[in-house]
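S.K.:
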Amino acid sequence: MTDSVISTLREVGSCLWDTLSSHNLEENLESLQDAMESLKRVYEDVKQRVEFEERKPQMKCTNQVSGWLDDVLKLEKDVSRTLQDGEKEKQNKCLRGYCQKNCRSSYNLRNIVSKNLNEVEKLRTQGQFDAVVQKFHVPVQLLQTVVTVGLDAPLQDVWRCIEDRTLGIIGLYGISGVGKTTLLRKINNEFLNVSHDFDEVIFVSESEISEVESVQKKIMKRLDLPRNMRRSDGRETNAQKIFDRLRGKKFLLLLDDIRQKLVLSDVGVPPLNDQNQSKVVFTTQSVDNCGLMGAQQKIEVKSLGSEEALHLFRMTVGEAILTSNTEISKLANDMAAKLNGLPLALVTVGSAMASKNDHRDWESELKVLRNAPSQFPGMDNCVLRHLKFSYDRLQSTTHQSCFLYCCLFPENSDIRKEKIINCWIGEGFLDELNEDADINGDLRSKGELVIRNLKHACLLGSGESEEFIRMHGMLRDMAWQECKEDIVLLIKKGKEQRGLRKWSKVKRMSLWDHSIQDLLTIVSRSSREDILENISQLPNLLTMICKDPMSRTLHAGFFRSMSSLTVLDLSNSSVLHELPTEIDHLINLKCLNLSNTAIPELPSELQKLRKLRCLILNYTKLREIPRGMISNFLSLEVFSKLEVLQHLDPGAFLHRDDYLQYLLDELQCLLHIKEICIVIHEATYLQKLLESQKLLGCIRKLTLDDCSDLPTLELSPSSVTKMEDLELRYCKELRKISLGTRQFRNLSKVVIKGCNLSDVGWLIYAPRLQTLELVNCESLGEIIGDTPGGGETEENIKIFSSLSVLRLFYLPSLQSIFRHALPFPSLIKIEVQDCEVLTKLPFDSNSARNTLKLISGEESWWDNLSWDNEAIKEVFSPKFVERIVQNAWLEDFQSEY
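My numbering puts the sequence shown at residues 1179 to 2075.
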C-alpha cells in the first residue's frame, strides 16, 4: 500500500516537473530564435561593410572577421537544427500535451538550447569590429596606362629577354616621348594576365629614380614593409631591409627613366644569378646608361612607322572630326607626318585638334606646326621641354653646339657625316673639345666622337647607311627653339620658313632648293636692290648653306658685308657656274664646299682666303686648280677633290700633264694638312704619293682611276693609317694587291670596278669594312679564297664582321664569296646583278640573323641558288626582292654631298 502511494506520488511529481520544464524549453527556444535573428542582423551589417571596403584597391577582409563570418554561418546551421528538434519535442507529449514522453531527450535538448544561446551571445559580442578589412600585398600592382599603338613588337622583344635565363639586366633606350614609360607599364600589367613565378614585380616611377634613398623608399613602400620599418634610417640600413625582404625570392624590378648610374647593391637589390633568376628592366634616354647599368641586352624603342603614327593620331583626334570634312582628313595626314612618329607629340597635337572641325583652323595650325612649333598648344610644355632634357645633360658646350647645328639641314633628311664635320671644323666647334677627347690631334676623329656621343644620347639617329646621320623632326624643332634667334631657314620651296627678317642678328642661314631670288621674293615686296642691300648687311653671319638648283651665278654684291663668315657651303647647287670675285671679302672663311657644282675654274681671288681650313671640291667641273693656290692656304687641314667616273664624263680628266705633280707638291708643303681625299690617274703620280710618308699618313679617301701600267698595288697599313675609303676603277692591268698582313683598322669602304683581280682576299685584314662594292671584274672568281699565309688566320679574324652593304654587279666568273658560312653580324643589304655562276651564298640559318633587310637580284639567279637545306632558304626567302636590271657603268651610288 505504502509503496504504491509513493510510486504514484513520484509519477505525479515527474509530470509536474516535466510540465514546468516543457514551458522553460519553449521559452528558451523562442529566446534562441530571437537571439539568432539578432546575430544575423549583425552578420549582415558586417558583411556589407566588408563588401564595401573590399572594393577599394588592395583591401581584403581580415582573418579575424573572415573567421567570425564563417562561425556565424556554422552556428546558424546548428541553431536551425536545434529549433527543428524543439518543434518535434513539442509534438511528442502525453497527458494531453502536459508531459514529455521521453524525459531524457527533453533534458538533452534543453542543454543544447542553453549552449546555443551562449554561443550566439558570444558571437554577437565579438561582432563589434573597429576594422573589417586590411591592406594586402600583391606580387603585381596594376598601373594606369593609355591606349597604345605600335608597342607589341618591342613588348615581345622584352618578354623574350625576361624569359631568357642568361639575361639579368635589360635596358630600353630611346628619345623622350617615344613610349618607353608606357612600354614599361605595359610590361608590369602583363604579369596580371599571365601565369608566372615571380614573387615580386616592383615598378619604380621616373620621379623616384634621381637618388638611391628615393628609390629605396619607393621599393620599401611597394614591398608593404611595416610603417615602422619604412622610416629612413640611412642608405645602408634601408638597403639591408630591402635585401632581407628580397633575399631568396624571384623578383622583377622595373626602373623607369634612369638618368645616371644606379648601383643596385647600394639600393639593396640582391645579386641576380642563376639560382634566383631575378631580372631588372630599366628605361633611359641614353644608350651609354645601358652600359653603365651593366645591361646584358639593349633594346631601342623607336618612333612609330608612318601607318602606326597616322592611326594613333586619327584615334586621338576622333573620326567624327576627321570625316566632317574631306580637307581635314588630308590635312590630318600632313600633320601626323610632321610629327615623325613620336607618340607624345602625336597625342599632344591630336588632342589639341580634337575639337576643330573647320579646315581653315587645320591649315593655320599646320603652318604654325611647321614654322613655329613651340607656339602650337601644348608643344612647348608637353613635348619640347621633355626632349630638351637630354640636350641639357650633354657633356660639353661643344656637343650642344654641334647638335644645334644639325637643324640647318632639312627635316627627315640624311646628313652626310663628312659634310657636317667639315662645317664643325669651319665653325671651330671641335677646337673647343677637351684635350682628353682628342685622338692624335685629329679633328675628324673628334667629330666622329661627338656624333657617337650624340647618337648614344638618342639625339641623333642613323641614316640610310653608316655614312649618314639623321635628326628626328621633333628634336630638330627643339633645337630650333634653342637657337631660333640666330638662324634663318628657308627649305624646300617655302614649306619651311623660319627666322626671316632677323638679318642684323642672324648667325647661320640655310637655303635648300631655293635661290637667292626666292629669298628676296619671300621676305619682302620691296625692290630687289633694297632687299639685297639689307640681306648683304650680315655682320654676324658665320654659316651659309645654300643649295640653289637654279642660279648660275651669285649676285656680285652678295658677299660684300659678310666678313665674319666662316662656313660657305654651296654644294649641290648643280648649275652654279661662277663665283663672284667679291669672295675675297670673306677673310675669315674656314670651310668652303663647292661639291657637285658646275664651276669650271676657281677665281684667283680665292687665294686671299688665308684662314681656310677645309676645301671640298668633289664632283665639280674643275679641270685644274691654279698653280700656287693650294700652297697659299697656310691653315688648310682638309682637302678633298674626288671626281666622277671617266666613263660618265670623258672631259673630266683633261688635266695638264703636270697637274697632279704640282698639286701633290703643294699639299706636301702645307704644315697643317691632316686629311686628303684624292683621285690618282697615273701610276707615276701614285708612286710619288707612295714615296711621301706625310701625304700617305693624310690619305682618307684614295681613288685610282684608269691607272695604266699598274700590275701590282702595294700599300702598307702602317703608312695609310687614316685611310677609310679605297676605290679602284678600271685599272685593267692590275692583277694583285699586296698589303702585307697587318690590319687596316680604319678602312670602311672598298669599291673595285673594271679591274682584273682574281680575288680580294686581303679584305680579311679590314675588320671595320662596312661597304664592299665589286663591279665588272671579269676575272674575279672568288672574293675570299684560301686565307693568305703568314700573319693572322681566319680563326682569329672576324671575316666581314662589320660589313653592312655588299654589292656584286657584272661578275661573270664569280663562283664564291667565301667557302664556309659566315655570321655576318652587321649585314643589312646584299645587291646582286649578272653574277650567273654565283650559285651559293655563305649563309646558315644564323647568318645576319637580326640585321638583314634586303637581298636583291634577278629572279632566275635566286631560283638557281643552292642551299644546305630548305630551312636556311626559308629564313632568307622573305628578304629577297627582284632587282630591276640597270647599267652598272651608270651606277654611281652618290648621295648628296
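Glycine is no exception: its CB is placed at the ideal position from the N, C-alpha and C atoms.
According to DSSP, is F1381 helix, strand or coil?
M.R.: F1381 falls in the strand class under three-state DSSP.
S.K.: Which full runs of the beta strand (DSSP E) of 3+ residues lie inside the stretch 1212 to 1250, going along the chain?
M.R.: DSSP runs (the beta strand (DSSP E)) wholly in the stretch 1212 to 1250: 1237 to 1239.
S.K.: Among all the DSSP beta bridges, which residues are the ones paired with G1641?
M.R.: DSSP output for G1641 lists no bridge partner at all.
S.K.: Going by other Cβ atoms of all chains shown within 10 Å of its Cβ, with 16 needed for buried, is C1601 buried or exposed?
M.R.: Classification of C1601: buried, given that the 10 Å Cβ count is 16 or more.
S.K.: Which first and last residues belong to the beta strand (DSSP E) in which M1687 is found?
M.R.: Here the beta strand (DSSP E) through M1687 covers R1686 to W1690.
S.K.: Tell whether a beta-carbon distance below 9 Å holds between S1991 and G1959.
M.R.: Taking 9 Å as the Cβ cut-off, S1991 and G1959 qualify as a contacting pair.
S.K.: First and last residue of the beta strand (DSSP E) that includes I1856?
M.R.: Unbroken beta strand (DSSP E) run through I1856: E1853 to I1858.
S.K.: How many Å lie between R1413 and S1579 at the Cα?
M.R.: So the alpha carbons of these two residues sit roughly 39 Å apart.
S.K.: If you compare alpha carbons, which of K2057, G2035 and K2018 is closest to A2026?
M.R.: The shortest Cα separation from A2026 among K2057, G2035 and K2018 belongs to K2057.
S.K.: For a test of the three-state rule: what should DSSP assign to F1429, helix, strand or coil?
M.R.: Here F1429 sits in strand by DSSP.
S.K.: Which ranges would you report for the alpha helix (DSSP H) in the stretch 1581 to 1616 if only whole runs of at least 4 residues count?
M.R.: Segments of the alpha helix (DSSP H) lying fully in the stretch 1581 to 1616: 1595 to 1605.
S.K.: Whole angstroms is fine: what's the gap from D1827's alpha carbon to L1754's?
M.R.: Its pLDDT being 49, under 50, D1827 is placed unreliably in this model, and the coordinates cannot settle the point.
S.K.: CB L1345 to CB Q1475, shorter than 9 Å?
M.R.: Cβ distance < 9 Å, so L1345 and Q1475 count as in contact.
S.K.: Could you check how far apart the C-beta atoms of L1838 and Y1863 are, in whole angstroms? I think they sit under 8 Å.
M.R.: With a Cβ gap of about 4 Å, L1838 and Y1863 count as contacting.
S.K.: Report back the beta-carbon spacing between K1786 and K1768 to the nearest angstrom; my notes put them in contact at under 8 Å.
M.R.: Incorrect: roughly 14 Å between the Cβ atoms, too far for contact.
S.K.: Can you give me the Cβ contacts of P1317 inside the same chain, cut-off strictly under 7 Å, excluding the 5 residues immediately before and after it?
M.R.: If we look at P1317 and ignore the five residues flanking it on each side, its Cβ neighbours are F1376, D1377, E1378 and V1379.
S.K.: Should K1879 and L1820 be called a contact, given that it needs their Cβ atoms to be closer than 9 Å?
M.R.: Result yes, Cβ atoms of K1879 and L1820 sit closer than 9 Å.
S.K.: Evaluate S2055 with the Cβ neighbour count: other Cβ atoms within 10 Å of its Cβ, from every protein chain shown; 16 or more gives buried, anything less gives exposed.
M.R.: Per the 10 Å Cβ criterion, exposed.
S.K.: Among residues of its own chain, excluding the 5 on either side of V1177, which ones have a beta-carbon nearer than 6 Å to its beta-carbon?
M.R.: One cannot answer for residue 1177 here, as it falls past the ends of the chain, which runs 1179 to 2075.
S.K.: Let me confirm a value: H1850 is counted as buried when at least 16 other C-beta atoms fall within 10 Å, else exposed. Which label applies?
M.R.: That one is exposed.
S.K.: Run through DSSP, which three-state label would R1423 get?
M.R.: R1423: helix per DSSP, three-state reduction.
S.K.: Which partner residues does Y1351 have in the DSSP bridge list?
M.R.: T1462 and E1478.
S.K.: To the nearest angstrom, report how far apart H1577 and V1628 are at their CA atoms.
M.R.: Near 6 Å, if we compare the C-alpha coordinates of V1628 and H1577.
S.K.: What is the DSSP secondary structure of L1800, counted as helix, strand or coil?
M.R.: In the structure shown, L1800 sits in coil (DSSP, three-state: anything other than H, G, I, E or B).
S.K.: What is the residue span of the alpha helix (DSSP H) that F1491 lies within?
M.R.: Residues S1484 to V1495.
S.K.: Does DSSP put L1720 in a helix, a strand or coil?
M.R.: L1720 falls in the coil class under three-state DSSP.
S.K.: Anyone know if the C-beta pair for E1931 and R1907 falls short of 9 Å?
M.R.: Looking at the sequence shown, residue 1931 is not Glu but Lys. Contact flag set, yes.
S.K.: Rounded to a whole number of angstroms, what is the C-alpha to C-alpha distance between I1397 and F1421?
M.R.: Taking the straight line from one Cα to the other gives about 11 Å.
S.K.: What would DSSP say about K1670, mapped onto helix, strand or coil?
M.R.: If DSSP states are grouped into helix, strand and coil, K1670 belongs with coil.
S.K.: Would DSSP call I1765 helix, strand or coil?
M.R.: Correct three-state label for I1765: coil.
S.K.: DSSP on E1543, reduced to helix/strand/coil?
M.R.: The answer is helix: DSSP assigns E1543 an H, G or I state.
S.K.: What do you get for T1186, buried or exposed, if any count of 16 or more other CB atoms within 10 angstroms of its CB means buried?
M.R.: Note that T1186 has pLDDT 49, beneath the 50 cutoff, so the model's placement of it is unreliable and no number is given.
S.K.: Excluding the 5 residues flanking L1912 on each side, which residues of the same chain have their C-beta closer than 7 Å to its C-beta?
M.R.: Excluding positions up to five away in sequence, the list reads L1888, P1889, L1891, L1906, C1933, N1934 and L1935.
S.K.: Please go through the stretch 2027 to 2060 and give each complete alpha helix (DSSP H) segment of 4 or more residues, from N-terminal end onward.
M.R.: Segments of the alpha helix (DSSP H) lying fully in the stretch 2027 to 2060: 2037 to 2041 and 2048 to 2054.
S.K.: Kindly give me the distance between the Cβ atoms of M1687 and V1666, rounded to whole angstroms, as I take these residues to be in contact under 8 Å.
M.R.: With 8 Å as the limit, M1687 and V1666 qualify as a contact, their Cβ atoms being about 5 Å apart.
S.K.: Keeping to the same chain, check which residues put their C-beta closer than 7 Å to that of F1429; ignore five residues upstream and five downstream.
M.R.: Around F1429: F1376, D1377, E1378, I1380 and S1456.
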